[in-house]
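Below is one structure, written out as structure tokens; the observations come after it.
Numbering (our numbering), first residue to last: -3 to 119.
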């Protein structure tokens, strides 16, 4: 269970959840030195839901996602939830697929993968 009410309670507490939620679009950030299991959500595009201009829109950079979020979040026991809005056909726009591939090239998790683990995402 996660706590989507992070803004209402002190940062180091887990009141009725076992994972703290930080909503980046609401200005919530992980406190320095936090060891509380958490997750932080944001978008690859400018907003949560698909818009007509998304296929041409500038997306968050791969460097911002990896160096600004993935690396520091992992150091603070925080998962990144990166929303990528599907288009009207239920698919990701090509610019989003290309950016996700860039992110994958930059991100190298130093930990060990489980034997037999296979990614479940298909683009």
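Ideal Cβ placement from N, Cα and C applies to all residues, glycine included.
Quantities reported herein were computed from a predicted structural model and do not represent experimental measurements.
In the structure shown, residue 32 adopts coil according to DSSP, grouped into three states. For residue 36, the closest of 97, 89, 78 and 102 by C-alpha to C-alpha distance is 78. Of the residues 45, 63 and 27, the one whose Cα lies closest to the Cα of residue 72 is 27. Residue 33 is not a Cβ neighbour of residue 47, given a cutoff of 8 Å. In terms of Cβ geometry, residue 59 and residue 96 do not form a close pair [threshold 8 Å]. Here the alpha carbon of residue 92 sits roughly 10 Å from the alpha carbon of residue 98. CA-CA distance, residue 38 to residue 87, rounds to 19 Å. In this structure, residue 65 keeps its C-beta atom at 8 Å or more from the C-beta atom of residue 55. Here residue 17 carries a strand assignment [DSSP, helix/strand/coil]. When only Cα atoms are considered, residue 24 and residue 30 end up about 13 Å apart. With fewer than 16 other Cβ atoms inside 10 Å of its own Cβ, residue 52 counts as exposed.
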